[in-house]
Amino acid sequence: MARLDGHWFIVCRSSDLGRAPRAAAIQGVPLVLFRGEGGQAGALEDRCPHRNAPLTAGRVVGGQLQCAYHGWRFDQGGRCRAVPGLPGEPEAKATRATAYPVRELDGFIWVHSSPSAPGAEPTTEPFRFPHLDDRRYTTVRRDFFVASTLHAAIENTLDVPHTAFLHGGLFRTARKENEIEVVVRRWSDRTEAEFIGEPRPKGLAGRILAPQGGVVVHFDRFLLPSVAQVEYRLGDASHLVTTTAMTPVSDFETRLYAVVTFRLPVPGWLVKPFVMPIAAQIFRQDARILTMQMDNTRRFGGERFAYTEIDVLGPHIWRLLKQAERGESPAYAPGPAGAPDHEHRLRMRV
Amino acid sequence: MARLDGHWFIVCRSSDLGRAPRAAAIQGVPLVLFRGEGGQAGALEDRCPHRNAPLTAGRVVGGQLQCAYHGWRFDQGGRCRAVPGLPGEPEAKATRATAYPVRELDGFIWVHSSPSAPGAEPTTEPFRFPHLDDRRYTTVRRDFFVASTLHAAIENTLDVPHTAFLHGGLFRTARKENEIEVVVRRWSDRTEAEFIGEPRPKGLAGRILAPQGGVVVHFDRFLLPSVAQVEYRLGDASHLVTTTAMTPVSDFETRLYAVVTFRLPVPGWLVKPFVMPIAAQIFRQDARILTMQMDNTRRFGGERFAYTEIDVLGPHIWRLLKQAERGESPAYAPGPAGAPDHEHRLRMRV
Amino acid sequence: MARLDGHWFIVCRSSDLGRAPRAAAIQGVPLVLFRGEGGQAGALEDRCPHRNAPLTAGRVVGGQLQCAYHGWRFDQGGRCRAVPGLPGEPEAKATRATAYPVRELDGFIWVHSSPSAPGAEPTTEPFRFPHLDDRRYTTVRRDFFVASTLHAAIENTLDVPHTAFLHGGLFRTARKENEIEVVVRRWSDRTEAEFIGEPRPKGLAGRILAPQGGVVVHFDRFLLPSVAQVEYRLGDASHLVTTTAMTPVSDFETRLYAVVTFRLPVPGWLVKPFVMPIAAQIFRQDARILTMQMDNTRRFGGERFAYTEIDVLGPHIWRLLKQAERGESPAYAPGPAGAPDHEHRLRMRV
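Chains as they are written, first to last, in our numbering: chain G, 1 to 350; chain Y, 351 to 700; chain B, 701 to 1050.
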């Protein structure tokens, strides 16, 4: 699958990294995370340059990460600051550890997928989750792990047809009573599907979520390199955005950091107990099928997918990932995107 | 090992395939078996052509196999009959699943090792077990699994010298008191060894099995692609044929479907309780040594066998399998075979 | 790692090989050890030449190793002495097993890493452990297994800087109060480091071990192909030599046969209970870090070591192993070695 160089990925929540070093991985590269001087997060390749012991087996001493074998110490920049037994200046005589740029933002630790180069900072900054500072929104965070390629996990998150079938009864029905219109657009850094004509929830639920009536607005979006976003508006009163930043841990392992932000006519604390178990159930079903899909793909020696018109975003996600792999597509830049490179319309039964 | 295209192999007993889909494999190709319209057995590659989920995770709905991910449905021919959410005719828009020809015969389900081609049926039919309809014969069936190559499993089943040693005391002794003559013959679709001069069982057993006396007739046969047969006659009264159809599940896994048919001067129900535990013990000993042989072969990076003249059928089995692999030898066709391509005689001590 | 042909390696202690065959391995080659005629130890490739069954599954009958499958029997030279069922002379008709030269010395069984050639004996003999016959010395033997390359295990055994850190407090302190001189010498069959100026143990321990005072003499030595030796003298009274002969079981597995011989002013039986638990603790710490180092090396696709001047023997061990691999360096020959090929001095803090 795609090797995405020069991109930011989440490696853990801020609260997950304490005094002890912690293991992480991006695209198969093992990393050690630690808090160095001033509690600032650092990320090194998880291999001491001296005898290749894993630095995750070491500990943090005086704001430096100390290897468990010979006691070499490194700072967040990868500089060797101590070699026990060696007379003279260690930094001049010892080899640096490979370091990676790190950012701590919105309660997450992000690591750049290309190593730090001396004197050069990354040209982009990590993705920012929407509505976190808006007090009208309630926020819920959940992390998940799936044994899946990044591509299959993103497509699953943004795929409408499987929801009625795999998650039948949870939030769509298998009855397919309505035929709606879908508009698909692709830019160089993102792709989206707009679903027009989806019915409002019936009965009491509809009256609570959209008391003044109004239309349903539904967008599914993929933002390079690895963000899947589902946005719903019901009239003026209800707005829900689920944004999932995904980390390709290896070719066959993906970690999902989901941030759900919503504003509803009823208080968030009232909604959570009803919504969270359903969301957890949906995730379990998706994780199970993605693992089966992955295992089967490996058993047959690779993906061989077939597409129909209702696999609306799949081909565009694949195209953008491949372009990003070749360095031809940039990371998503917030804000309006101008005219799309591609647009088409289709009909789907939901 | 040999990849045998265009041959029939048993995948399970008829009674093993009920309402739920069932996994099988031939030569490393994962299959899903199911009973479609009218209960007719079908075999598809165990991969949905859409997103590659395993079809064994699905279920049978309305005589069609339904994928667990997006609900695509397939019939026994691999045609896609439903795509939830897709307006219009699914068969025209969706990709077929890869299907394999299937036959249900003699209580077994056979699958062809080459996929179905549109409008073309296999040119051969599966092997038929002998004496199943003859009311004078008693039939016993047993299935076994061995971690072994097909070649090593076939040779083991037809190898005489190991029986006295590995199974010492069970049906041959290690004392080697008799020297007998062996005639080895090979045709394009089979090879056989005829053992001449084997002693009749001593004492009571001999008087029961061959009350009028007479000679012992003993044939070991290999029939392409994978049938091992051992036939014994003692005088006119006793006749025993053990026919084992083997399925190469993978290069290192073989499944054995053994059918024992016999006609004896004593009733079958009287003999079974004495014979079956011995047969089970023999199989356990063979399975154990075959697994050790297989593991050791893999550890050393491949088979390196040495032959002596008493490895009578081994070289001919190997030759026929290699010829079948190259498409030069046909599946066994019942009936007399004409003059053999090869014949030689040797002496062996038993 | 190095494939060292034509060298002797220990496969087990003499007392480990009884009536039953025993499995061993050198550099990934599986062996079967057994005691043949007269109790003499033999070593064959653990594969019957007939059907490749593992000979370790057989048993010793009449001083010959009998295969469990067809009962072929082999002597220590690999000659086939019996083939059940085969008329005539087995030795003429059957294939030999691959045999390896064996020596039983000093309570160990040594096997040559190149197979026996007909009519040719190895040109070297195994390494002999020092002081075993000197009644003034106490001897302790211990076997260890580490998941490590031979190279990393040897370097670890002879590495001084890690002792203060990894084994901190056990026999060196991390305080590094003394700067000493090290002389490094390399010959074609060995390399050594002489440590000059190491302080004597303080207080009571020093008075007991060196009652008349005197200097500390400390040598670390590597002797081709795989012996690591640490020698300490404290004045005239105390002398301790730890000699570890290592066996490369596979590229990633090493077995250590350590022989500790010592002569002290206090009786050996008095010292053992204090020293052995410390030695065991040191070994556990080393085995743990070596396994982590090995796993990490494999995870990153190979060793990438960095050296400083206090990695005194590491580069020379590597060079000698590589030369031995290419057949350019001979096994260690006892006795004085003449002028070294290489000598340099450096300072280290201990």
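Ideal Cβ positions, reconstructed from N, Cα and C, are used throughout, including at glycine. Quick caveat: nothing in here was measured; it's all calculated off a predicted structure.
Per-residue burial, residue i [other beta carbons within 10 Å of its own, 16 or more giving buried]
i: I896 (chain B); result: exposed
i: N178 (chain G); result: exposed
i: I639 (chain Y); result: buried
i: G758 (chain B); result: buried
i: L554 (chain Y); result: exposed
i: G421 (chain Y); result: buried
i: W269 (chain G); result: exposed
i: D1011 (chain B); result: buried
i: I628 (chain Y); result: exposed
i: P364 (chain G); result: Residue coverage of chain G in this structure runs from 1 to 350, which leaves residue 364 (chain G) outside it and unanswerable.
i: F129 (chain G); result: buried
i: R747 (chain B); result: buried
Own chain, CB closer than 8 Å to residue i, minus 5 neighbours either side, in chain order
i: P822 (chain B); result: G706, W708, P801, H812, S814
i: P911 (chain B); result: G935, A937, P965
i: F222 (chain G); result: I154, L158, R190, T191, E192, A228, Q229, L313, H316, I317, L320
i: C430 (chain Y); result: P399, W422, R423, F424, P440, E441, A444, T445, R446, A447
i: G386 (chain Y); result: G392, V410, G413, Q414, L415, D425, Q426
i: F983 (chain B); result: R842, F844
Close Cβ partners of residue i (< 6 Å) along its chain, the five nearest in sequence each way excluded
i: A743 (chain B); result: L731, L733, Y800, V802, V811
i: S1043 (chain B); result: Looking at the sequence shown, residue 1043 (chain B) is not Ser but Glu. Around E1043 (chain B): R885.
i: E231 (chain G); result: F219, V241
i: T991 (chain B); result: A847
i: E45 (chain G); result: T98
i: R372 (chain Y); result: L383
i: C712 (chain B); result: I809
Of the listed residues the options, nearest to residue i (C-alpha basis)
i: I459 (chain Y); options: Y:Q635, Y:A375, Y:T406, Y:R648; result: Y:A375
i: P440 (chain Y); options: Y:E454, Y:L455, Y:T448, Y:F424; result: Y:F424
i: G213 (chain G); options: G:L224, G:P201, G:D220, G:M276; result: G:P201
i: P690 (chain Y); options: Y:L671, Y:R540, Y:A578; result: Y:R540
i: L55 (chain G); options: G:G63, G:E37, G:A97, G:P87; result: G:A97
i: F262 (chain G); options: G:R35, G:D46, G:T138; result: G:T138
i: G413 (chain Y); options: Y:R695, Y:G438, Y:G368; result: Y:G368
i: L933 (chain B); options: B:M1048, B:V915, B:P787, B:A1037; result: It should be noted that the sequence gives Arg, not Leu, for residue 933 (chain B). The residue with the shortest Cα to Cα distance from R933 (chain B) is B:V915.
i: Q727 (chain B); options: B:G736, B:L704, B:A741; result: B:L704
i: R654 (chain Y); options: Y:R397, Y:R385, Y:H501, Y:C417; result: Y:H501
i: F145 (chain G); options: G:R298, G:A280, G:F300; result: G:A280
i: P476 (chain Y); options: Y:G457, Y:S538, Y:E544; result: Y:G457
For residue i, three-class secondary structure by DSSP
i: I310 (chain G); result: coil
i: S319 (chain Y); result: Because chain Y spans 351 through 700 in this model, residue 319 (chain Y) falls outside it and cannot be assessed.
i: R299 (chain G); result: helix
i: V966 (chain B); result: coil
i: F252 (chain G); result: coil
i: L990 (chain B); result: helix
i: E177 (chain G); result: coil
i: H707 (chain B); result: coil
i: Q229 (chain G); result: strand
i: A905 (chain B); result: helix
i: M1 (chain G); result: Confidence at M1 (chain G) is low in this model, with a pLDDT of 48, below 50, so the placement of that residue is unreliable and no value is reported for it.
i: A852 (chain B); result: helix
i: R319 (chain G); result: helix
i: L710 (chain Y); result: In this structure chain Y extends from 351 to 700, so residue 710 (chain Y) is not present and cannot be described.
i: A979 (chain B); result: helix
Below-9 Å beta-carbon distance, residue i vs any chain A residue
i: P211 (chain G); result: As a matter of chain content, chain A is missing from the structure shown, whose protein chains are G, Y and B.
Beta-carbon proximity list for residue i, same chain, < 7 Å, skipping 5 on both sides
i: Y1007 (chain B); result: G1014, P1015
i: E881 (chain B); result: I896, G897, R1045, R1047
Check: residue i C-beta below 8 Å from any heavy atom of the ligand SAH
i: C12 (chain G); result: This structure does not include the ligand SAH; it has no bound ligands of any sort.
Going residue by residue through the segment 778-833 of chain B, where are the continuous alpha helix (DSSP H) segments of at least 4 residues, counting only ones entirely within it? If only uninterrupted alpha helix (DSSP H) runs of at least 4 residues are considered, those enclosed by the segment 778-833 of chain B are 790-793.
Give the list of continuous beta strand (DSSP E) stretches no shorter than 3 residues that lie fully inside the segment 714-787 of chain B. Within the segment 714-787 of chain B, the complete beta strand (DSSP E) runs of at least 3 residues fall at 722-726, 729-735, 741-745, 759-761, 764-766, 780-782.
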